Each structure stands twice: as structure tokens, then as C-alpha cells.
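Chains as they are written, first to last, in UniProt numbering: chain A, 1 to 358; chain B, 1 to 273.
We treat Cβ as the ideally placed atom computed from N, Cα and C, and that holds for glycine.
Please read these numbers as outputs of a predicted model, since none were measured by experiment.
Worksheet for the structure shown next.
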Amino acid sequence: MFYREAGDFKTSYKDDSQTFPIKFDRMRYYLVLIAAFAVVPFVINDYWVNAVFLPFLIYSIAAIGLNILVGYCGQVSLGTGGFMAVGAYACYKLMTGFPEVSILIHIILAGGITAGVCLLFGLPSLRIKGFYLAVATLAAQFFLVWMFNRVSWFYNYSASGQITAPETTVMGVAVTGPATEPWAAYLFCLVFCVACALLARNLTRGMAGRKWMAIRDMDIAAEIIGVNPLKAKLSAFAISGFFVGIAGALFFAVYLGAVEVGEAFGIQKSFLVLFMVIIGGLGSIFGSFAGAAFLVLLPVLLKNTLVGGLGWPTDLAAHLEFMIVGGLIVLFLIAEPHGLAQLWRVAKEKLRLWPFPH
Amino acid sequence: MKDMDTQGYTTADGRKIGGVVMEMKNITLRFGGVMAISNISFDIREGEIRAIIGPNGAGKSSMLNVISGFYNPQEGEVIYKGQKRPQMKPYQVARQGIARTFQNIALFEGMTVLDNVMTGRIRQMNAGLLAQAIWKGKAEREETENREAVEKIIDFLEIQHIRKTPVGRLPYGLKKRVELARALAAEPSILLLDEPMAGMNVEEKEDMSRFILDVNDEFGTTIVLIEHDMGVVMDLSDRVVVMDYGKKIGDGTPDEVRNNQAVIDAYLGVAHD
């Protein structure tokens, strides 16, 4: 009833191509932004930040990055964990090498370095497709983790083989290290998350996104229309790498603080982010958020209801949690193979006609 | 003959046909031992509708693929706008202003009609990735300007109502029209149509014919067309090339071709004694 596009006329092409063409959507989006920036930081505590918000924001960035590659450009990648590790280690080396430079710049540079590495491992995509490409990117995953384990220069020759984020501040407020306030870490990640989502949205609604989708939908036709497949695929790898690298850097520096590469950035991380993208919806920025929320929140929710609410023993709850999450994923994919983003789209379609659907 | 190359001629219905824009010289294309095209030469003049006809397997589509750079012929050369074309990737050929449609529709199914047609504007849009990411300045300006051009074509082909529909949901006839729109959006100097009317009923064929003539008339686009429906070919085209088994067996106006004994034999068969 209140969700209408009738009467919401556009008088310029600029208006028509904006991110939220429907006024109600736009308002809702501003509302979420205001709440995220102005309300949440004042009400959250340590538990909420570390269990819910930080992983959600950081995985959202990684999922957006992977979605550009898999959902928009159609190139399957199983190397996300490895590329996140590149971001983390690049950030670590920059933080320890140039401590006088702001961490903001370190994280962006770490994204840039990951973009380069990702581009390098994207080169096989010019020759191979589909499952075979997935296997090739799997090589990236194992090689990168192995490299960060073996080459001690990457972890500054520390005895434990771990990397630990030194304390850094932004405008006098600590954002990494043990002295970090929860709200500061949250805001820091939120800024990156919003910026990444905006950049990704702009890229995907413009010509770059069309080129990627053209390659995804029919690469031969795309080439005959004038899309340079080399440039389109490699730019998708690079940009995807940029976002994934930023996610890796934040994951290490802000969220975990100390990282052992095989544990934090192993193959299961690659799959986790890939599942987020698939469950959320391929080729949708909103889907990246929805998928990240689903896979981050669901376990937390289950644990709280089973252990906290029903008083079950922790180990039983932990096992049940695996089964329930797994079952729900299967159920979801059968009911809606196009992911949560499609469910959302259908819901909006219905709302538009509600309460008179005929 | 040299004069005609540059001056062109005027058709019976008063359209001005320009000089030669593309010339195929002794093209030979082999796939292993199979000779798909053998030693074929013909030219395409600016502003004309040039048809390529022939029985199944005559090599028509291969010819189109040679023009659009998808196949590189083993022998012969393609002369485009007075210059020999070096070996090129298909996307480079497209950037030179040669657009095409496909026999089996090759649209981007997951994208909306608008996005599909906008993709056709790739030649006109070259803002950098960074500008696009920030969506300011050149990127935004380009997007608006090209949207205007695309809307004209959408209007022209009467597909306004499906602008925001994903292409995968459209029926066959409309898809063909969207594909034409995408090719037109490139403002090509040569438009290649590979069986634009395959699988259509009479009404849809009439619509399509009208669009092809209108495009040629309104934008002065040079059109190269492969089609099986003889009635359509004879009505639309200014000159016709006839192929059979990879060889050229006729070339001329529809009337000349219709009365060519070799063409009649190829289509009706010859009695062997």
C-alpha cells in the first residue's frame, strides 16, 4: 500500500539510473545508513561487535568482491581465502614497515596489492572456464597459504609464525590493537563497508558491469559486440581482489588482531564466502549483504536460542548448529536457487501490488 | 568501373548508393580439408542492402563470420574503407564499426533490454574504471548521453514497453528485435544480419522487413543480410550474392539473379543423365 512507484516519475535519465529508483527504497536506505552510523555505535557492546557486527561487515566486503567475480563476470574462484590472506599480510607488512603512515592508507594499499595478485591468478581465465578455472584458482589458495607459512619475511621472522597487528589510531582513536573500543572498530569497518558497496554498485550499474555481465551471459557474443574479453575478465579479477584484499586486511587488523594463516585464511574461508555469494544471490550487491548476514547471524542466533534459551549443553548445540545451518542452506537453494536477493525482489514485487494483487 | 567505385549510383526508388565501403577479395576459408569458402570476391557499397543467399551449407554464415572477424580466411583480403584490414580480433572489428546479429539469438539473457542495448554503445563509451566507480564527471555524462541515443533506438524499434524486462523472459520475435537494437546502438557503418527472420511468422517478418528498410532509410546504414525467404530477399535488397558449396555462382540485382541459370540450377537442382 505504501510501497508504490506510481506517481514517482522520472524526468531525466540520471534519475532513472540511480541506485534506488523508488522513493520508498531510497528513504529506507538513508534510514539504515543513519541508524548504522548514528545509533548503533552508542548502543553496542563488546559481544555484539565481535560476534555479529564486525564479521558481518567484513564478510560483506569479501562477498561483494567475490560477487563481482562470480556473480557479475561469471568466473568461478575458490581462492578467496588466499586472497584475503594477501590483503592481511600486505597490511601487516605496511603497518610494520611504515608505522607513520595512516592505517586507512595501509588498508587501501593492501587492497591494491591484492588486486595485483588476483589479476595474476586470473590470467588462466583467458583460456579456461567453469570448473577448470575453479581448480586453477584453488591452486592460488594453496600456494598463497603455503607461501605465507614458509617465507618468514612475510611474518617478520617472528618465532610463532603469527602476525599481530600493532596499535594504530585514526584521528586519535585506537582502531587496532588491544586498546580498541568496540564502537571504534565497528565504525572503522562500517566506513569501509559502505564505501566498498557504493563503489561496487557504481561499477556494476555502469559500462564496466555491463561488460562483465556480457562476458558472463555469452562470451562469444560479447566479443563480437566489442568487449575485449581479456580486459573485462582481468578487470573483474583485479576489482574483486581489491575488495577481498580490504576484507582480509580488516579481518586481520581490526577483527582478529593476530592471525595464523592456515587457520584464518584456509580453504574453508574460500567456501564460506562463496556460499555467502550463492545463498545471498549471484549478481546482486544486496545479495552479498544478505548472504553474509545469513551465514554470520544464523549460527549466533542458533547458539543463543539453544544454549541460552533452551539450556542445552554447549557441545550438543554446536553439533546441532552445523546440521541446522547445513539443512537450511540446502532448503534455501531448492526453494530459491537465485538466493535471498531474488526472494527480496519477489517480496517487493508482491508488496507493490498489495493489497490488491489482481 | 573505377569511377563507379567512388561515385556510386542511384536506385530505382531514388536512394543514393555511395562508393565501395568494403571489398572482399579472393577470400578462401578452409576448416581442415573442408573448403567452406573458395575464392570469393564481392563488394559492399555504402548505403545499400546487400543480400547473401544460397542453399544450406553454402558458406553464407562463414562469409559473415569472415566479415565480422570471427574467422580469419587462409587466403584473400578484406578491404575496409579503402584499406586492407590486418588480422584482427572480433572485438577490434566491432570497434571499427561493424555490428552484427546472430542466427541463433545471442543476447545477454540475464540483463535487461536496456542494458543489452546499452552494451551496444561500447564504442562510444570509454570512461575509466575509476571514474565509473565514483560515478562522477565523464562516466555520469557518458551514461546520460548514451542513454539518450539508446532511447531513440528503443523508440524506433518500438520496444519501449519492455525496456526494463530481463531479456530471458521475452518471446522469440521480441528478442530478435532487441538484438537488432543492440547492433544498431553501435551506430555501425556496416550492419550484418544473419537470418533476421528465421522462425518468424508472416506478420513478424513484415515487421522486421519494415524495420530493416527503415533503418537503412533513416540512418543510411549499410546492411548485409543473409536470408532464406526469397520473397523477402528480392524485395529488400539492392544487390544479391548467391553462393553454393562455398563458391559464388551469381552476383547482381535481384532481377539479374532471378534469371541466372546457375542460380536456378542450384536451387531447383539439375537433371543428371
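By the C-beta density criterion, TRP146(A) is exposed, having fewer than 16 other C-beta atoms within 10 angstroms. Setting aside the 5 residues that flank it on each side, ALA136(A) is surrounded in the same chain by PRO124, ILE128, each with a C-beta closer than 7 Å to its C-beta; the list follows chain order. Here CYS118(A) really is in contact with GLY241(A); their C-beta atoms are around 3 Å apart, less than 8 Å.
For ALA51(A) and ALA258(A), the gap between their C-alpha atoms comes out near 17 Å. With the rule of 3 Cβ pairs closer than 8 Å, the region 162 to 176 of chain B counts as touching the region 98 to 110 of chain B.
In chain order, ARG123 place their CB closer than 7 Å to the CB of ARG95(B), counting only its own chain and leaving out the 5 sequence neighbours on each side. In summary, GLY111(A) is buried, with 16 or more beta-carbon neighbours lying within 10 Å of its beta-carbon over all protein chains present. Under the 8 Å Cβ criterion, the region 242 to 252 of chain A does not count as touching the region 303 to 317 of chain A, having fewer than three qualifying pairs. Listed in chain order, the alpha helix (DSSP H) elements of length 4 or more contained wholly in the region 10 to 72 of chain B are 60 to 67. For GLY199(B), no Cβ of chain A is located within less than 9 Å of the residue's own Cβ. Counting along the chain, TYR157(A) sits inside no alpha helix (DSSP H), nor does DSSP assign it H or E at all. Shown here, THR165(B) sits in coil according to DSSP, grouped into three states, outside any helix or strand.
Residues of the same chain with a CB within less than 6 Å of the CB of ARG50(B), apart from the 5 flanking positions on each side, are ILE44, VAL224, ARG239 in chain order. Between the region 59 to 73 of chain A and the region 266 to 274 of chain A there are three or more C-beta pairs closer than 8 Å, enough to call the two in contact. Per the C-alpha coordinates, the member of TYR9(B), ALA12(B), MET22(B) positioned closest to THR222(B) is MET22(B). Burial of TRP135(B) is indicated by the presence of at least 16 other C-beta atoms within 10 angstroms of its C-beta. Within its own chain, the residues whose Cβ lies closer than 6 Å to the Cβ of ARG182(B), once the five positions on either side in sequence are excluded, are ASN116, VAL117, GLY120, listed in chain order.
Three or more Cβ pairs closer than 8 Å define a contact, and the region 79 to 95 of chain B meets that threshold against the region 210 to 224 of chain A. The beta carbon of MET35(B) is closer than 7 Å to those of GLY246 in its chain, skipping five residues each way along the sequence.
By the criterion of a C-beta distance shorter than 7 Å, VAL263(B) is surrounded in its chain by VAL242, ILE249, GLY250, VAL257, once the five residues flanking it on both sides are discounted.
In the DSSP annotation of this structure, ARG123(B) is not part of any alpha helix (DSSP H), being labelled neither H nor E. A contact is defined here as three or more CB-CB pairs under 8 Å, and the region 25 to 42 of chain B fails this definition with respect to the region 201 to 219 of chain B. Scanning its chain for C-beta atoms nearer than 7 Å, with the 5 sequence neighbours on each side dropped, one finds around ILE324(A) the residues LEU302, in chain order. Annotated three-state conformation of LYS247(B) is strand, per DSSP.
Taking 8 Å as the cut-off between beta carbons, the residues of the region 225 to 249 of chain A near chain B are ILE225, GLY226, VAL227, ASN228, PRO229, SER235, ILE239, in sequence order. Note that the C-beta distance between VAL254(A) and ALA165(A) is below 9 Å.
Residues of chain A whose Cβ lies closer than 7 Å to the Cβ of PRO90(B) are, in chain order, GLU223, ILE224. Per DSSP, GLU151(B) is one residue of the alpha helix (DSSP H) stretching across 138 to 156.
A direct Cα-to-Cα measurement between LEU298(A) and ILE329(A) gives close to 11 Å.
Three or more Cβ pairs closer than 8 Å define a contact, and the region 88 to 100 of chain A meets that threshold against the region 147 to 163 of chain A. At a cut-off of 9 Å between beta-carbon atoms, ALA181(B) makes no contact with chain A. Contact between ILE285(A) and LEU340(A) does not hold, since their C-beta atoms are separated by about 12 Å, which reaches or exceeds 8 Å. Within 9 Å of the CB of SER60(A), no CB atom of chain B is found; the nearest one sits about 18 Å away. Between GLY281(A) and ALA290(A), the C-beta gap is smaller than 9 Å, which places the two residues in contact.
Just measuring C-alpha positions, the residue of ALA232(A), PHE188(A), ARG352(A) sitting nearest ILE61(A) is PHE188(A). Nearest CB-CB separation between ARG210(A) and chain B: below the 9 Å threshold.
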